[in-house]
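Have a look at the structure below before the remarks.
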Amino acid sequence: MADSKRKLAAIVFTDIVGFTKLSSENEPAALALLESQRKLLKPVVDQFNGEWLKEIGDGLLLTFSTNRDAVDCAIAIQKASDKEKGLNLRIGIHQGEVVFQGSDVVGDDVNIAARIEPFAAEGGIAISGRVNASLDRDPDFETMFIGTPELKGVSQKTEVFCITSHNLPKTDISKVSAKLEAPKGFQWNVFSITGAALTIIGALFWINVSFVGIGTASESEVPSIAVLPFENKGAKEDDFYAYGISSDLISDVTSTGMIRVAGLNDIEKLDYANMNYNDLSDELLVRYVAKGTLWKMDTMFQLSMELFDTKNSEVVWSNRWQTAWRDLATIKDDLSNNILENLNIIITKNVEQINMASNPEAYEYYLKGEYKFEKRVTLEDLMVARGFYQKAVELDSTLITAMIKLAKTYAFTNEYDTCIDLNNKALKRAIKQKDRANEAYAYNALGTVYYYRDGDNNKAQEYYEKGAEIANEIGDKMLQSYFLNNLSIIFNDKGETEKALKNMEEMLAIAEELNDKKSLVFAYNNIGSVHQRKGEQDKWVDYSKKALAVANEIEFKDGQGYALSNIAAYHMAKEEYDMALQKFNQVLEIYKKLGHEQAQVNVYNKIGWTYRNKKDTKKAEEMYSRALDLSIKLDNKMLIINTYNAMFDYYREYEEYSMAFNSLFSARKIIKALNDPDKLADNFYWTAKNHSDRGDLDSAIVYLNRTMEIHQKLGNMSKVGPLYFELSANYAIKGDIDNSLEMIIKSSALLNEVNDTKRIPWAQFFTGTIYFLKQEYKTAVDKYIEPAILSLKELDEDLGLDDTSIYFLCLKELKREYDIADLKKLIEKEKDDIGYIGNYYLFKLLRERSYLKNAFDQVMKDKSDLEPEVAEKYTNYPIVKEIIKEWEMNI
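Residue 576 in the working numbering sits at position 565 of the sequence shown, with consecutive numbering throughout.
The following block contains the structure:
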């Protein structure tokens, strides 16, 4: 075979869909179609510098010098074939080393390309993992992982993807006759989950929106009262009147900000109808108890109420009266005024609000909606409540509370666009009616939806700050509490932990003042989470346990879930994985009983994270699969992104880089649709890290630069300095010392500019590392490394194994002393995480052959996972080249 030659090539196979059937039915038409294919497609192949090697039946075998030419040509072929009736193609592309024999080409990689083609959709393109990795560098391309095909007689593992950008169809695996390997576990194709969870109070949780009296009061002591649900003396179907008016009354009295009111949920846990006033006072920790009766008789309501002072054991006010049905909406206001007046609380109400009486029929529907919503058990109950709220709004557009509650039902079914639309309408109506309280509630609901649906911290903060300003203005302490809580979460997300803690402590003070136990749960839980962010683990778990104790006391299931999640995460941080699993599973059972599917997604991700740390890959993949299935079912974009990020982190840890890339690609599609530059920058950054991990430093540098471009446009200069640091490290490993030094100088300048005290000494140390690579050991140690070590000690930070090895190698070259015992301690501490560079430096220090073998095995494994042209670059990186050479000399 003198004329045989080996060459790296991109191999393309095409196949006409349905050609066999056409041939059997109409051979002349089939032959005509082949001639049309030849005339139509040969110029296209020539345009992209391809070689038309041969026609195999109805299929074509083509080769190209580069993957990009092959892919561009395949896309052009699909576009061209659309113009020819009956020319419906599947295309498969693979890259590998092939043997050219005259006009033919042979080899395993040709065989693989042919067997990839059946995985393409009609009109689509299937590609191998090698080709997919090369497309990753181009953001114009999007792909989807299909699976790992069964390739009998082929030793190499091949993953198959399909191109989904450029208007190409996705592969429907149910329609593919070729076989995939049986899955090892998870088969779906966002970043590490930290367990401490702060909880937004808003549209998705426990806001009790109602008609709210607006005013201020001056009273040195905060009175306390329990308003018992009215006893319905009439027909059973009138229960909603008694419940709804009582609920509204409780909210109205609470909103004054000058009285602590027992929550309706707390009251309903008691057998209050059969308890005396003193017992109720003891259970609910209140001084005053209000109770009454309601009896609807035709178009009239007969009512009675009394207010009892348990401290003085006397009725301080009582009354019996009747009200016409047409005045239904005024009942609650009359009752609220009487209670407050008899507690000597003076409030000034908005005159326009007083004169804006609601349509009685609309208010009746609103009360029916309240009753059904609060007593709901099934989704059907929620939909019935929605119908009542909808009718109320249709009958009376001034009934803002009904509109906000209607929006809330859409939040519960993840119909966020409708939820936002209704809250915006409520906001406009509240502004027009000068209803400041409901204006604030609408801002709170909007902020919460943007936070949960889009993860848009800035927009959520904007709405919360507007609402907080109103809450402070009208003196509504419950509203103040909501906004303090929610803004603290935004601050914590942004890393502004002192602001977050200050807000949470103010919220805690209000909750304690009002003895509002639900708010105490949120406050304790969230204060704990802020301490976790600050690295104060003992305070974190102490506050979480306080939250759980209060949640258990009042049987607040959501609160139990939040607190248990944080306690589980604490056990994770302590590497007590079985205890963490026990707590997470308790949380999952709570959310399943409550029907909180969104919360279940987060828990599945956290359980997956726990199994991952236990090295139970099968269970981890199962949990991630459940999380992804559920988040896709809910169509919750942020949950889907977060789950893909968790999947990426998992696959990256296990060095399944193709699967890790696929998770990032899937997340990136959604991020681009949301037009979220911050999240896109994060996605590009982790794409760079994945490339760097697998040894493709050129691609890593491309994505680091893309990340930097976004942060520079956004003005996030605090993130640009660390990116220059990352670029410097990548250039250093490539052996491009000049660029590495330029990048670290830029990094240091920016870190000093933004006063990033934690990173400045690390940049100084890495500058020393570059001089170590330049073999300028004295400059490395005296000017950079040792001054950096002194600065790090002041920050209570220690060197890791790799940095210590570099320092000691410098000292060894300078014939200075160093303590090998320190090195041995670090080896023991980091033995499971030593990379090829670390192993090689240990070999140079200790001259133990096992470290050299580890380094060589690691680089060989990395090389085997790379595409041939990338592998060639990788083995020519100076450190990799040196390891291979040293190993060959020591065999």
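Glycine residues also receive a C-beta, built at the ideal position from the N, C-alpha and C atoms. Source: prediction; values computed, not measured.
Cut-off 6 Å between Cβ atoms - residues of its own chain near residue i, not counting five sequence neighbours on either side
{"i": "Val870", "result": "Tyr847, Val891, Ile894"}
{"i": "Leu52", "result": "Ile88"}
{"i": "Gly478", "result": "Ala451, Tyr454, Asn455, Phe494"}
{"i": "Leu490", "result": "Ala451, Ala482"}
{"i": "Tyr400", "result": "Gly380, Ala413, Lys416, Leu417"}
{"i": "Phe502", "result": "Lys510, Ala511"}
{"i": "Leu519", "result": "Ala534"}
{"i": "Tyr474", "result": "Tyr454, Leu457, Gly458"}
{"i": "Gly779", "result": "Ala791, Tyr795, Ile796"}
{"i": "Ala273", "result": "Ala237, Leu295, Val297"}
Whole-number beta carbon distance between residue j and residue i, since they are thought to touch under 8 Å
{"i": "Val82", "j": "Leu146", "result": "7 Å"}
{"i": "Ser758", "j": "Ser739", "result": "6 Å"}
{"i": "Thr304", "j": "Glu242", "result": "5 Å"}
{"i": "Asn850", "j": "Ala866", "result": "4 Å"}
{"i": "Ile838", "j": "Tyr818", "result": "In fact, because the Cβ distance is near 15 Å, the residues do not count as touching under 8 Å."}
{"i": "Val612", "j": "Leu599", "result": "That pair is no contact at about 11 Å."}
{"i": "Ser76", "j": "His105", "result": "Not quite, the Cβ-Cβ distance comes to about 15 Å (not below 8 Å), so this is no contact."}
{"i": "Leu639", "j": "Thr654", "result": "5 Å"}
{"i": "Phe24", "j": "Leu98", "result": "Phe24 to Leu98, Cβ: 16 Å. No contact."}
Between the CA atoms of residue j and residue i - distance to the nearest angstrom
{"i": "Lys65", "j": "Glu153", "result": "30 Å"}
{"i": "Phe777", "j": "Ala631", "result": "36 Å"}
{"i": "Ser499", "j": "Lys488", "result": "16 Å"}
{"i": "Leu641", "j": "Gln609", "result": "8 Å"}
{"i": "Val85", "j": "Pro180", "result": "As written in the sequence, residue 85 is Ala, which differs from the Val given in the question. Near 13 Å, if we compare the C-alpha coordinates of Pro180 and Ala85."}
{"i": "Ala335", "j": "Ala246", "result": "17 Å"}
{"i": "Ala646", "j": "Met670", "result": "Sequence inspection shows Asp at residue 646; the Ala mentioned does not correspond to that position. The alpha-carbon atoms of Asp646 and Met670 are separated by roughly 22 Å."}
{"i": "Phe222", "j": "Asn449", "result": "Its pLDDT being 26, under 50, Phe222 is placed unreliably in this model, and the value from its coordinates should be taken loosely. Their backbone Cα atoms lie some 8 Å apart in a straight line."}
{"i": "Leu239", "j": "Ile651", "result": "43 Å"}
{"i": "Met634", "j": "Gln593", "result": "15 Å"}
{"i": "Ile218", "j": "Leu457", "result": "Note that Ile218 scores a pLDDT of 28, beneath 50, so its modelled location is shaky; the value from the coordinates is reported in the next line. Approximately 13 Å, taken between the alpha carbons."}
{"i": "Phe384", "j": "Met583", "result": "37 Å"}
{"i": "Asn716", "j": "Ala692", "result": "10 Å"}
{"i": "Glu95", "j": "Leu45", "result": "11 Å"}
{"i": "Val541", "j": "Thr508", "result": "6 Å"}
{"i": "Glu737", "j": "Tyr581", "result": "30 Å"}
{"i": "Lys386", "j": "Glu325", "result": "34 Å"}
{"i": "Ile800", "j": "Asn468", "result": "37 Å"}
{"i": "Glu828", "j": "Asp844", "result": "27 Å"}
{"i": "Lys724", "j": "Asn701", "result": "24 Å"}
{"i": "Val28", "j": "Ala711", "result": "39 Å"}
{"i": "Asn289", "j": "Tyr299", "result": "10 Å"}
{"i": "Ile236", "j": "Val297", "result": "5 Å"}
{"i": "Gly732", "j": "Asp747", "result": "19 Å"}
{"i": "Glu883", "j": "Lys874", "result": "8 Å"}
{"i": "Tyr696", "j": "Arg770", "result": "18 Å"}
{"i": "Glu586", "j": "Asn624", "result": "8 Å"}
{"i": "Tyr462", "j": "Lys470", "result": "8 Å"}
{"i": "Phe156", "j": "Gly135", "result": "14 Å"}
{"i": "Ser677", "j": "Glu36", "result": "43 Å"}
Residues bridged to residue i [DSSP beta-bridge criterion]
{"i": "His105", "result": "Ile22"}
{"i": "Trp63", "result": "Leu73"}
{"i": "Asn243", "result": "Leu305"}
{"i": "Gly158", "result": "Val171"}
{"i": "Ala334", "result": "The amino acid occupying residue 334 in the given sequence is Thr; Ala does not appear at that position. Answer is Phe312."}
{"i": "Thr100", "result": "Sequence inspection shows Leu at residue 100; the Thr mentioned does not correspond to that position. For Leu100, which the question treats as bridged, DSSP gives the partners Ile27."}
{"i": "Lys16", "result": "Phe111"}
{"i": "Ala237", "result": "Val300"}
{"i": "Val116", "result": "Phe111"}
{"i": "Ala137", "result": "Gly103, Cys173"}
Nonlocal neighbours in the same chain, by C-beta distance under 7 Å from residue i, ignoring five residues either side
{"i": "Gly398", "result": "none"}
{"i": "Arg601", "result": "It is worth fixing the name first, because residue 601 is Ile in this sequence and not Arg. These residues qualify, in order along the chain: Lys568, Gln571, Gly572."}
{"i": "Arg17", "result": "Glu108, Val110"}
Cutoff 8 Å; reference residue i; Cβ partners in own chain excluding five residues on either side
{"i": "Glu9", "result": "Residue 9 lies beyond the residue range present for the chain, which begins at 12 and ends at 902; the question has no answer from this structure."}
Original post:
Which runs of the alpha helix (DSSP H) fall wholly inside the segment 454-497 and span at least 4 residues, in chain order?
Top reply: 468-485
Original post:
Whole beta strand (DSSP E) runs in the segment 267-332 with 3 or more residues, listed along the chain?
Top reply: 299-308, 311-320
**OP:** Note down, one range per segment and in chain order, each alpha helix (DSSP H) of at least 4 residues found wholly within the segment 813-878.
**Re:** 831-841, 847-857, 860-875
Subject >> Uninterrupted alpha helix (DSSP H) stretches inside the segment 704-768 (no shorter than 4 residues) >> reply: 708-725, 728-745, 748-764
**OP:** Can you check the segment 599-682 for any alpha helix (DSSP H) of at least 4 residues that lies completely inside it and give the ranges in chain order?
**Re:** 608-624, 628-645, 648-664
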